[in-house]
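The next block holds one structure in the form of structure tokens; read it before the comments.
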Amino acid sequence: MSKLLGRLLRFDEALAGLALCLMALIPLLEIMARPLLGRGIANAPVLVQHLGLVLAMLGAVAAERNGHLSTLAGGNQLTGHAGRRLFAEGSAAIVCGMLAEASWRFVLSEMQVSHDLAYGMPAWWLQLVMPLGFALLGLKLGARCFAASNQALKWTVALLFPLLGMALARSFEAQVLPLWPAALWLLAMLLLGAPIFAVLGGLALALFWQDGAPLASVPLSHYQITVNPSLPALPLFTLAGLLLARSGAAQRLGEVFLALFGAGVGGTVAASAVLCSLFTAFTGGSGVTILALGGLLLPLLRKAGFPEQRGISLVTSASALGVLLAPSVPLIMVAIIARVPINTMFLAGLLPAVVMVICLLVFGGYLRRGGLTPPTSGSRPPLGKTLWTAKWELLAPLVALGSLISGLATPTESAALTAVYALLTQTLAHRELGWRKLGTILSDCAQIIGGVMLILGMALGLSNYLVDAGIPDAAIEWVQGAIPNKFAFLLALCAFLFLAAALMEIYAALVVLVPLLLPVALSYGIDPVHFGIIFLAAMEMGFLCPPAGMNIYFASAMFGKPLRHVAVSVLPALLAIFIGTLLIAALPMLATGLPALLGKN
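For the sequence shown, the residue numbers in the numbering used here are 21 to 621.
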């Protein structure tokens with residue numbers, strides 16, 4: 021019975037993987053059908069967007085099972101005191117039950133005004149995945165509270181948590197409840213290790229509850245951001261990055277950069293920094309870069325005479341810099357939230373990314389010659405041979421950016437082209453990805469996107485409430501009274517974002533803080549593109565600061581070093597990134613110059 025239940029509960033991974041495959045296939049069929057048949061697939065963009073909803077919800081269920089839902093401490097596998105686990109996971113399960121009930125109310129309202137997605141398929145068929153997904157999350161989180169040997173009893177008791185949440189949401193739907201008890205409960209959840217999405221979702225529900233507003237407003241926000249027209253680019257670019265990360269692409273690209281920069285200590289350091297930044301832009305996560313490149317770059321750095329601690333520091337910190345480079349997920353998110361064209365943000369991030377890499381190398385002290393050990397023998401690989409070997413990987417950015425910036429493809433079509441290109445080159449040209457590994461990559465991609473989208477959806481619900489409550493207008497009035505001019509505001513903004521990055525997961529910070537801070541920045545005459553680049557540059561520091569700094573957790577696990585050892589090693593990098601952020605803030609042309617020059621602004 022338990023084995024059967026386990027297989028049923030893993031069915032989400034297969035459905036999420038299928039949705040991801042269709043999201044890549046439909047845009048390609050659309051591109052081919054338009055010139056051949058004179059028309060494309062009926063309502064293809066909207067269909068792909070709703071497949072993204074299926075991917076997000078079922079991917080989140082899979083992410084919960086494998087411990088990939090973000091918490092304040094970086095994971096959701098709670099250990100230790102049973103009471104702590106019972107409170108944190110049980111409370112999160114109750115919140116999921118509330119979200120399931122609120123989502124069901126949203127679906128019921130959609131049924132009454134049902135519209136077709138394509139070929140007679142009602143939209144609410146796919147919208148049903150929201151209440152189902154939240155209910156499954158509540159069931160699985162509830163099951164984590166117990167380590168009972170009797171599986172039937174365990175799952176029966178676990179079911180009580182989401183059912184309690186659904187009952188609470190249904191019983192108090194039209195009532196006005198005080199905020200402070202819920203706020204204290206949610207704070208305790210956060211500190212004891214509950215998933216961040218549950219805390220954000222619970223806070224959004226509590227805020228709407230205290231105003232007597234419909235709780236369906238929260239799942240409505242989750243639905244709106246999940247089916248945003250630009251959102252399908254996120255999982256598809258992430259899939260392309262994972263396909264490259266799980267093959268030998270890292271080794272081939274590493275050889276290219278060593279051939280370009282040289283095999284000495286300076287060349288190896290520069291090659292490592294540039295390669296980590298580029299790889300993070302494609303993989304969608306700096307943690308993936310550390311895991312994919314750490315085992316390759318650290319031995320090369322040590323072979324060149326670089327001390328181990330500084331080598332760990334370089335790989336850990338340089339992996340945070342890729343968020344400014346296309347097609348990184350945070351860069352796309354800023355474009356969506358700030359309502360800036362994605363290709364404009366792609367161009368805007370190029371020069372600031374170069375500035376950040378230079379600042380890291382110079383002000384981080386990685387080019388300092390002191391403390392180096394004599395290098396072991398090593399030769400510079402031949403440039404021509406390495407370029408030919410890595411030709412398919414080197415063409416990937418041209419496929420991604422060329423098709424988008426040229427206007428030949430939409431962001432979703434460009435992402436689909438890139439994902440299929442990576443799949444074909446790594447499976448056919450290099451023959452490095454088999455069916456089993458492809459299945460694992462699809463599952464991992466679904467889990468990454470599911471975990472991210474849960475946070476984004478819940479954070480957007482919270483952000484929408486704050487906007488409706490007039491918080492941005494009040495913030496503009498207060499800030500303009502306290503900060504006299506634009507330059508003082510930019511300095512204060514950088515300092516505030518530095519603190520926020522250390523305390524908030526980057527995707528939650530994007531959805532909560534950008535809508536609040538952007539109107540304030542606009543009131544000082546700051547270009548939204550410039551603001552978005554400043555925001556991302558400051559957020560790079562957050563990858564290296566506990567408690568939200570995921571890079572130091574990944575590096576500690578990858579290199580087998582204590583967390584404190586890694587955290588101390590990246591302190592010079594924090595100063596370097598902060599200096600780089602100030603330079604970008606002081607020189608708007610770094611962000612706005614290239615888009616203006618190419619007519620993309």
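Virtual Cβ for every residue (Gly too), placed ideally from N, Cα, C.
Whose C-alpha, out of L156, C465 and T445, is nearest the C-alpha of P182? Taking the first residue of the sequence shown as 1, we reach residue 182 at position 162. Comparing Cα-Cα distances from P182 to each of L156, C465 and T445, the minimum goes to L156.
Which same chain residues, not among the five before or five after F579, have their C-beta less than 6 Å away from its C-beta? By 1-based counting over the sequence shown, the position of residue 579 is 559. Result list for F579: I332, in chain order.
Going by beta carbon distance, what residues of the same chain come within less than 6 Å of T99, once the five residues before and after it are set aside? As a working mapping, residue 99 is identified with position 79 in the sequence shown. A caution first: T99 carries a pLDDT of 48, below 50, which makes its placement in the model unreliable, though a value can still be read off. Closer than 6 Å at the Cβ level, and outside the excluded window around T99, lies no residue.
For A466, the first and last residue of its enclosing alpha helix (DSSP H): Here residue 466 is taken as the residue at index 446 of the sequence shown, counted from 1. Unbroken alpha helix (DSSP H) run through A466: W455 to D488.
What separation, rounded to the nearest whole angstrom, lies between the Cα atoms of R584 and L48? Walking along the sequence shown from the start, residue 584 turns up at place 564. Walking along the sequence shown from the start, residue 48 turns up at place 28. Answer to the nearest angstrom: the Cα atoms are 47 Å apart.
If I'm right that S123 touches M150 with Cβ under 8 Å, what's the distance once you round it to whole angstroms? Along the sequence shown, read from residue 1 onward, the residue named residue 123 stands at position 103. Along the sequence shown, read from residue 1 onward, the residue named residue 150 stands at position 130. Between M150 and S123 the Cβ distance is about 4 Å, and since that is below 8 Å, they are a contact.
Three CB pairs or more closer than 8 Å across the segment 518 to 527 and the segment 488 to 498: no
Should V349 and L254 be called a contact, given that it needs their Cβ atoms to be closer than 7 Å? Walking along the sequence shown from the start, residue 349 turns up at place 329. Walking along the sequence shown from the start, residue 254 turns up at place 234. For V349 and L254, yes; Cβs fall inside 7 Å.
Given 8 Å as the limit, is there contact between the segment 105 to 115 and the segment 494 to 513, that is, 3 or more CB pairs closer than that? no
List the DSSP bridge partners of D32. As a position in the sequence shown, residue 32 is number 12, starting the count at 1. The partner list for D32 (beta bridge, DSSP) is empty, contrary to what the question assumes.
Should N363 be labelled buried (16 or more other beta-carbon atoms within 10 Å of its own) or exposed? By 1-based counting over the sequence shown, the position of residue 363 is 343. It is buried - the Cβ of N363 has at least 16 other Cβ atoms within 10 Å.
Measuring alpha carbon to alpha carbon, tell me which of A34, G79, P65 and A233 ends up nearest I475. Residue 475 sits at position 455 when you count from the first residue of the sequence shown. Of the candidates A34, G79, P65 and A233, the one whose C-alpha sits nearest the C-alpha of I475 is G79.
How about A53 and E121: are their beta carbons less than 7 Å apart? Position 33 of the sequence shown, counted from the start, is the residue given in the question as residue 53. Position 101 of the sequence shown, counted from the start, is the residue given in the question as residue 121. No, the Cβ-Cβ distance between A53 and E121 is not below 7 Å.
Who are the Cβ neighbours of N86 in its own chain at under 7 Å, not counting the five residues just before and after it? Translated into the one-based positions of the sequence shown, residue 86 becomes position 66. So the list reads Q467, once near-sequence residues are dropped.
Please classify M478 as buried or exposed, where buried requires at least 16 other C-beta atoms within 10 Å of its C-beta. Translated into positions along the sequence shown, residue 478 becomes position 458. Answer is buried; the Cβ neighbour count reaches 16.
Classify F326 as buried or exposed, calling it buried when 16 or more other Cβ atoms lie within 10 Å of its own Cβ. Start at 1 with the first residue of the sequence shown, and residue 326 comes out as number 306. Counting Cβ neighbours within 10 Å, F326 comes out buried, since at least 16 surround it.
In angstroms with no decimal places, state the Cα-to-Cα distance between G153 and L206. Locating residue 153 in the sequence shown gives position 133, counting from the first residue. Locating residue 206 in the sequence shown gives position 186, counting from the first residue. Cα to Cα, G153 sits roughly 21 Å from L206.
Quick check on the DSSP output: the beta strand (DSSP E) that includes L148 runs from which residue to which? Position 128 of the sequence shown, counting from 1, holds the residue named residue 148. Element bounds for L148: n/a, residue is neither H nor E.
Tell me, to the nearest whole angstrom, how far the beta carbon of L344 is from that of G314; I am working on the premise that it is less than 8 Å. Sequence index remark: in the sequence shown, residue 344 carries index 324 (1-based). Sequence index remark: in the sequence shown, residue 314 carries index 294 (1-based). Actually they do not touch by this definition, with Cβ atoms about 21 Å apart.
First through last residue of the alpha helix (DSSP H) which encompasses L137: Taking the sequence shown and counting its residues from 1, the one referred to as residue 137 is at position 117. First-last for L137: D136 to A138, but that is the beta strand (DSSP E), not the alpha helix (DSSP H).
Would you check if the distance between the CB atom of L614 and the CB atom of A224 is smaller than 7 Å? One-based indexing of the sequence shown puts residue 614 at position 594. One-based indexing of the sequence shown puts residue 224 at position 204. Not in contact: L614 and A224 (Cβ atoms no closer than 7 Å).
Figure out for me which residue from C296, F302, G385 and R322 has the closest Cα to the Cα of V285. Reading the sequence shown from its first residue, position 265 is the one you call residue 285. For the residues C296, F302, G385 and R322, the minimum Cα distance to V285 belongs to R322.
Look at the alpha carbon of L448 and the alpha carbon of I461, and state the distance between them as a whole number of angstroms. For the purposes of this step, residue 448 is identified with residue 428 of the sequence shown, where counting begins at 1. For the purposes of this step, residue 461 is identified with residue 441 of the sequence shown, where counting begins at 1. Computed Cα separation, rounded: 17 Å.
With a CB to CB cut of under 8 Å and the five nearest residues on each side skipped, what residues in its chain are close to Q329? Here residue 329 refers to the residue found at position 309 of the sequence shown. If we look at Q329 and ignore the five residues flanking it on each side, its Cβ neighbours are H585 and S589.
Mapping DSSP to helix, strand and coil, what is T99? Working through the sequence shown from its first residue, we reach residue 99 at position 79. For T99, the pLDDT reaches just 48, beneath the cut-off of 50, and the residue's location in the model is therefore unreliable, leaving the point undetermined.
Is it the case that the segment 369 to 383 contacts the segment 588 to 602, given that we only count it when at least three CB pairs across the two stretches are under 8 Å? Enough Cβ pairs lie closer than 8 Å, so yes.
Starting from the C-beta of R359, find all residues in its chain whose C-beta is less than 8 Å away, skip the five residues before and the five after it, and write them out in chain order. For the purposes of this step, residue 359 is identified with residue 339 of the sequence shown, where counting begins at 1. Result list for R359: P548, in chain order.
Does the segment 62 to 72 come within contact of the segment 251 to 268, defined as at least 3 CB pairs closer than 8 Å? yes
Nearest-angstrom beta carbon gap, L453 and R164 [assumed within contact, 8 Å]: Mapped onto the sequence shown, residue 164 falls at position 144. Mapped onto the sequence shown, residue 453 falls at position 433. At roughly 33 Å, the Cβ-Cβ gap does not stay under 8 Å, so R164 and L453 are not in contact.
So, at 8 Å on beta carbons, what are the nonlocal neighbours of N571 in its own chain, with the 5 sequence-adjacent residues on each side left out? In the sequence shown, residue 571 corresponds to position 551, counting from 1. Taken in chain order, the residues that qualify are S306, G307, I310, T336, S337, S339, A340, F563, L564 and V590.
Can the beta-carbon of Y544 be found closer than 7 Å to that of K581? Numbered from 1 along the sequence shown, position 524 holds the residue referred to as residue 544. Numbered from 1 along the sequence shown, position 561 holds the residue referred to as residue 581. Contact: no.
The alpha helix (DSSP H) spanning V374 covers which residue range? The sequence position of residue 374 within the sequence shown is 354, counting from 1. Taken as a continuous stretch (DSSP letters only), the alpha helix (DSSP H) holding V374 covers L370 to F383.
Taking only three categories from DSSP, how would you classify M141? As a first step, residue 141 must be located in the sequence shown, where it is residue number 121. Of the three classes helix, strand and coil, the one that applies to M141 here is strand, per DSSP.
Quick check on DSSP: helix, strand or coil for K581? For the purposes of this step, residue 581 is identified with residue 561 of the sequence shown, where counting begins at 1. Residue state, collapsed to three classes: coil.
Over what stretch of residues does the alpha helix (DSSP H) that includes L601 continue unbroken? Position 581 of the sequence shown holds residue 601. Inspection of the sequence shows that residue 601 is occupied by Thr rather than by Leu. Counting along the chain, the alpha helix (DSSP H) containing T601 begins and ends at L591 to A606.
Status (buried if at least 16 other CB within 10 Å, exposed otherwise) for P347: Within the sequence shown, residue 347 is the residue found at index 327, counting from 1. So P347 ends up on the buried side.
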